[in-house]
Amino acid sequence: MHILVCILWFSIISRDAENDAICEFQQFYLSKLSLEFIVIRCFSLTISWQIFIMVYSKKFQKSLASFSLSVVLVADLVIAQKVPPASAEIVNSSIGNAVTFSCNDSEAKIKAQNGPRVVSGSSAFYIGYQQVSSNNKNPITIRFNNGMRIWCRTDYETTNDDGTGYGLYWSGGNFLYGVYSSTGSQPGNDFRRFATGRWLSSYGSGGGPKVAVIARINPANGEVYYATFLSAKKADNGNTNSLVVRSLSWDGTNLTVQAKSWWTPRRTNTNSMTCSGPSPYIYTAVFTGDLTRVNSASAATCS
């Protein structure tokens, strides 16, 4: 009650008297008490409040400091939780010179070779070759998760064909393609067993010129789903000629291959193009994802 009177008293001093309703309310209470009593009582309350503040100020300051520290710690924790992690490394496509390694090599050792490598987050794939004899290489493909080997495959081609692996494309999900080389068909297990019913099912006629093999691979275990050969075809005798893949890209449906093709690149129906000027020709072929068809094929100065 006394506090209310004090509030009313100070309100009388500070408020504009134009509000008649408030003035009448204030005057009603003030008329019950003498002005001296109000002043003394308000002064007493003011002194008591100041003493209360002085007594408890140290406790209050300690509590306030503790509360402030808690707020800071909680704020720091919230900020730390909200700070996004560093961007994960993503490399979808990699074409390069073939490098040699084995299934027993660590990821650090293989990575140091600077060969073709695709990566998304903690998973990485590498491709290359093993030197199995003085004049024969076999392709090798390996996967690591957080530096731990998940699988390693050396059984895609184990013939006397001098084959290597020199390119990869990985969507980061289910679509993993490997690019391999072939110099001719030899007795034994090679990519022909994966290429039945695909765009080109074999190396073709002749032997010696280096061509490409594109294989779709299961990222989980390294099994080859299917593969196709990709080569040039000589216009005069139909023998196979050299082709080297330069890049791979994926749009979710089709696999686009850019390559250097020697005389001459193939049309979508696998026949030779008609070309002018010297080879190699910059060649682009757009494959369906299952490698059964080429939707479009083009090369500079060729038709």
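The sequence shown begins at 7 in my numbering and counts up one residue at a time. For every residue, glycine included, the Cβ atom is placed at its ideal position computed from N, Cα and C. The model shown is predicted, which means the values in this text are computed figures rather than measured ones.
A buried status is given to Lys143, since no fewer than 16 other beta-carbon atoms sit within 10 Å of its beta-carbon.
Remark: C-beta atoms of Thr246 and Gly212 approach each other more closely than 8 Å. Counting other Cβ atoms within 10 Å of its Cβ, Arg199 stays below 16 and is therefore classed as exposed. The alpha carbon of Arg299 has as its nearest neighbour, out of Val230, Ile223 and Val263, the alpha carbon of Val263. Between Phe235 and Leu261, the CB-CB gap reaches or exceeds 8 Å. If only complete runs of 3 or more residues are kept, the region 150-182 shows the beta strand (DSSP E) at 154-159 and 171-176, in order along the chain. Contact between the region 173-188 and the region 211-229 is present: 3 or more CB-CB pairs across the two stretches fall below 8 Å. Here Ser309 has Met279 and Thr280 as same chain residues with Cβ atoms under 7 Å from its own Cβ, once five neighbours each way along the sequence are excluded. Contact check for Ser237 against Val250 fails: the beta carbons are separated by 8 Å or more. Pairing Ser140 with Ile96 gives a Cβ-Cβ distance that is not under 8 Å. With respect to the 8 Å criterion, Phe107 and Ile156 are not classified as neighbours on the basis of their beta carbons. Ala104 is positioned such that its CB atom lies closer than 8 Å to that of Gly121.
For Arg222, the secondary structure class from DSSP, reduced to helix, strand or coil, is strand. If you look at Ala130, you'll find it in the beta strand (DSSP E) that goes Ser129 to Ser139.
Contact between Ser129 and Arg149 is confirmed by a C-beta separation of about 7 Å, below the 8 Å threshold.
Partner residues in the beta bridge of Val125, as assigned by DSSP, are Val97 and Ala130. The three-state reading of DSSP puts Lys240 in coil, since its state is none of H, G, I, E or B. Taken through DSSP and simplified to helix, strand or coil, Lys115 comes out as helix. Non-local C-beta neighbours of Arg273 in its own chain, meaning closer than 6 Å and more than five positions away in sequence, comprise Met279 and Ala303, ordered along the chain. DSSP places Phe107 outside both helix and strand once states are collapsed to three, so it counts as coil.
Tyr232 and Arg123 have their C-alpha atoms roughly 21 Å apart. Its chain contains Thr307 as the residues whose beta carbon lies nearer than 6 Å to that of Ser282, once the 5 sequence neighbours on both sides are disregarded; these appear in chain order. With a threshold of 16 other beta carbon atoms within 10 Å, Lys239 meets it and is buried. In this structure, the beta-carbon distance from Leu297 to Ile101 does not fall below 8 Å. Each of Gly258, Ser191, Gly179 and Asp242 was checked against the Cα of Ala226, and the nearest Cα belongs to Gly179. Secondary structure at Arg198: helix, using DSSP grouped into helix, strand and coil.
Classified as exposed, Asp161 has fewer than 16 neighbouring CB atoms from the shown chains inside 10 Å of its CB. No residue range can be given for Lys216, since it is assigned to no beta strand (DSSP E) and is classified by DSSP as neither H nor E. In this structure, the CA atom of Tyr135 is about 8 Å from the CA atom of Gly169. Per DSSP, Asn277 lies in no beta strand (DSSP E) and is assigned neither H nor E. CA-to-CA, the gap between Thr202 and Gly228 works out to about 19 Å.
Put simply, the backbone Cα of Cys109 is about 13 Å away from that of Gln137.
The three-state reading of DSSP puts Trp256 in strand, counting E and B together.
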